[in-house]
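**Student:** Final position of the sequence shown in this note's numbering is 205; the numbers increase by one with none missing. Just so you know, even glycine gets a beta-carbon here, dropped at the ideal spot from N, CA and C. Shown below is the structure under consideration.
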Amino acid sequence: MNKKRDVNFTINGQNYNVSVDPRWTLADVIRDHCGQTGTHLGCEHGICGACTVLVDNNPIRSCLMFGIQADGKSIRTVEGLAKGDEFHPLQKAFMENHALQCGYCTPGFLMLAAGILESQPNISDEDLDEVLSSNLCRCTGYANIVKAVRSARDEMKTTS
């Protein structure tokens, strides 16, 4: 007896009105009903962080949030990180620092880092390392991921 509910939200600035089953996660809604497939599902238990998106500018594991909880929210996915044809400083830093191998974890790391760097532009290396340790990379590319995020942080501070 799951009655769908109409939910209104924005993803990357675009308005959506989706009829949502209460059991669907935000990740399901984003991927399957809004076509934003850059958000990856890994563990579906909130452990890996591959599904991280920004909800009202806060990093959220979209596999742990129900789609109906997104009503009235502003969501940002990896597809909304770049400005047109210009890559976000994080995306540039990931490329320049070889911070991806298979790339499956990359959208989650990018969105986690974007949320943190936008809210805490002066975050220390130690605190940044702790935040980044909450996401998993099965290819063990952590050193380059950390290097890339630190580089982007420094770049974002000089251009803001």
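#1: Can you tell which of ARG76, SER196, CYS184 and CYS150 has its C-alpha closest to the C-alpha of GLY112?
#2: Under 7 Å between the Cβ atoms of THR97 and GLY58?
#3: Determine whether the beta carbon atoms of HIS78 and VAL63 lie at a separation below 7 Å.
#4: Based on Cα-Cα distance, which residue from HIS90, LEU126, ARG183 and ASN180 lies nearest to LEU109?
#5: Can the beta-carbon of SER107 be found less than 7 Å from the beta-carbon of LEU71?
#6: Whose C-beta lies closer than 8 Å to the C-beta of SER196 among residues of the same chain, with five residues either side of it excluded?
#7: Please identify the residue among SER169, LEU181, ARG121 and LEU162 whose C-alpha is closest to the C-alpha of PRO134.
#8: In its own chain, which residues sit with a C-beta less than 8 Å from the C-beta of GLN81, not counting the 5 before and 5 after it?
#9: Would you mind sorting GLY160 into buried or exposed? The rule is 16 or more other CB atoms within 10 Å of its CB.
#10: How is the beta strand (DSSP E) around ASP170 delimited, first residue to last?
#11: Give me the residue from THR151, CYS93, GLU175 and SER164 with the minimum Cα distance to GLY83.
#12: Apart from the five residues just before and just after ASN103, which ones in its own chain have a Cβ nearer than 7 Å to its Cβ?
#13: Applying the criterion that 16 or more other CB atoms from any shown protein chain within 10 Å of the CB defines a buried residue, is GLN165 buried or exposed?
#14: Pull up the DSSP beta-bridge partners for THR70, would you.
#15: What residue range is occupied by the uninterrupted beta strand (DSSP E) comprising PRO152?
**Tutor:** Walking through what the data contain:
#1: For the purposes of this step, residue 112 is taken as the residue at position 67 of the sequence shown. Out of ARG76, SER196, CYS184 and CYS150, the CA that lies nearest to the CA of GLY112 is found in ARG76.
#2: Here residue 97 corresponds to residue number 52 of the sequence shown, with the count starting at 1. Here residue 58 corresponds to residue number 13 of the sequence shown, with the count starting at 1. THR97 is not a Cβ neighbour of GLY58, given a cutoff of 7 Å.
#3: Within the sequence shown, residue 78 is the residue found at index 33, counting from 1. Within the sequence shown, residue 63 is the residue found at index 18, counting from 1. Yes.
#4: Reading the sequence shown from its first residue, position 64 is the one you call residue 109. Checking every option, the nearest Cα to that of LEU109 belongs to HIS90.
#5: Against the sequence shown, residue 107 aligns to sequence position 62. Against the sequence shown, residue 71 aligns to sequence position 26. Contact flag set, yes.
#6: Position 151 of the sequence shown, counting from 1, holds the residue named residue 196. Taken in chain order, the residues that qualify are ALA138, GLU141 and ASN142.
#7: The sequence position of residue 134 within the sequence shown is 89, counting from 1. Nearest of SER169, LEU181, ARG121 and LEU162 to PRO134, Cα basis: LEU162.
#8: For the purposes of this step, residue 81 is identified with residue 36 of the sequence shown, where counting begins at 1. Closer than 8 Å at Cβ, skipping near neighbours: ILE56, ASN57, ILE75, THR122 and GLU124.
#9: As a working mapping, residue 160 is identified with position 115 in the sequence shown. So GLY160 counts as buried.
#10: Here residue 170 refers to the residue found at position 125 of the sequence shown. Taken as a continuous stretch (DSSP letters only), ASP170 belongs to no beta strand (DSSP E), being part of the alpha helix (DSSP H) at 170–177.
#11: Position 38 of the sequence shown holds residue 83. The candidate whose alpha carbon is nearest that of GLY83 is THR151.
#12: The sequence position of residue 103 within the sequence shown is 58, counting from 1. Excluding sequence neighbours, ASN103 sits near GLY160.
#13: The sequence position of residue 165 within the sequence shown is 120, counting from 1. By the beta-carbon neighbour count (other beta carbons within 10 angstroms, threshold 16), GLN165 is exposed.
#14: Position 25 of the sequence shown, counting from 1, holds the residue named residue 70. In the DSSP output, where bridge partners are listed per residue, THR70 has PHE111.
#15: Within the sequence shown, the letter at position 107 stands for residue 152. Run containing PRO152: none in the beta strand (DSSP E); it sits in the alpha helix (DSSP H), 151–164.
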